[in-house]
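Novice: Structure in C-alpha cells, see below.
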Amino acid sequence: MRGMILALSYADTQAGIGLTATGAMNRKFVHWAVAHFHWLGYTSEDLYSMNKVLNESDMPPPWAVRDMLSHLKLLRRKKRQAAVDQTWSGLPDKAESLL
189 MRGMILALSY
199 ADTQAGIGLT
209 ATGAMNRKFV
219 HWAVAHFHWL
229 GYTSEDLYSM
239 NKVLNESDMP
249 PPWAVRDMLS
259 HLKLLRRKKR
269 QAAVDQTWSG
279 LPDKAESLL
C-alpha cells in the first residue's frame, strides 16, 4: 500500500511516470523507487550491487505497484506517460497522512 501511495505521489508531482516503449516504468522512476521504497532485508546499495542499472523487470515491486494502480484506474496511460487520473489528483497527499 505504501508503495502505491509513494508512486501516486511521485506521478502527481512529476506530471506522470515515464514509460518505456513496452509500457514498463522508466529507469528514472525505478531509481527513485530504489531510494524511497522500503525493501525488506535490502538496502539500495544491495540492489545496485546486483546491477549497475536497474529496470522495472529487475525488481518485482514496481511492476506490482504499476499493475495495481492501473487496475484500480488511479493511473492512466497517456502515450509514454502514466499520469494520475484527474479524479484522484491530490489523493496522495491525503493518503500519506494516514500512514
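Under our numbering, the letters of the sequence shown match residues 189 to 287, in that order. Quick reminder that beta carbons are idealized off the backbone N, C-alpha and C, glycines included. Owing to the predicted nature of the structure, the values given are computational and were not obtained by experimental measurement.
1) Can you tell me the Cβ-Cβ gap for A270 and L207, rounded? I've got them flagged as a contact below 8 Å.
2) Relative to the C-alpha of H226, which candidate in H259, A203, G191 has its C-alpha closest?
3) From the DSSP output, in three-state form, read off Q269 for me.
4) Keeping to the same chain, check which residues put their C-beta closer than 7 Å to that of S232; ignore five residues upstream and five downstream.
5) Which value, in whole angstroms, describes the spacing of the CA atoms of H219 and S237?
6) For R268, collect the residues of the same chain with a Cβ closer than 6 Å to its Cβ; drop the 5 residues on either side in sequence, then sort them by chain order.
7) For the stretch 191-237, which segments carrying the beta strand (DSSP E) assignment without a break, of at least 3 residues, lie completely within its bounds, in sequence order?
8) Would you kindly check if the distance between the Cβ of R264 and the Cβ of D288 is under 8 Å?
Specialist: So, from the listed chains and residues:
1) Taking C-beta atoms under 8 Å as the contact rule, A270 and L207 qualify, at a distance of about 6 Å.
2) Ranking the options by Cα distance to H226, first place goes to G191.
3) Here DSSP, grouped into helix, strand and coil, assigns Q269 to strand.
4) Within the same chain, S232 has close Cβ partners V222, A223.
5) Answer to the nearest angstrom: the Cα atoms are 13 Å apart.
6) Excluding residues within five positions, the ones whose Cβ falls inside 6 Å are L207.
7) Listed in chain order, there is nothing to give.
8) Look at the range of the chain in this structure, 189 to 287, and you will see that residue 288 is not part of it.
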